[in-house]
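Trainee: Can you keep this structure in mind? I'll have questions shortly.
Residue numbers (our numbering): 1 to 72.
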């Protein structure tokens, strides 16, 4: 359940972490140039957050996580 204040970065970041761990193949495809995968991952984040999230914050956190994983 989302805490009050839908832009809670910790709440969204937890969901981003879950989604990235659950879809390693999609993350790999993104890193191989299939940038449209971001839309699928954002849809999954939206679903898990029950639409109670700030999409700008979620996108920022997702892109940071994907960039961090690319450096490994």
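Here a beta-carbon is modelled for each residue, glycine too, at the ideal position from N, C-alpha and C.
What you are looking at is a predicted structure, and each value in this text was computed from that prediction instead of being measured.
By Cβ distance, which residues of its chain are closer than 6 Å to residue 70, with the 5 residues on each side in sequence left out?
Mentor: These residues qualify, in order along the chain: 31.
Trainee: Give the DSSP-derived three-state secondary structure of residue 32 in the structure shown.
Mentor: It is coil, neither helix nor strand.
Trainee: Rounded to whole angstroms, what's the CA-CA distance from residue 12 to residue 47? Just pull it up for me.
Mentor: About 12 Å.
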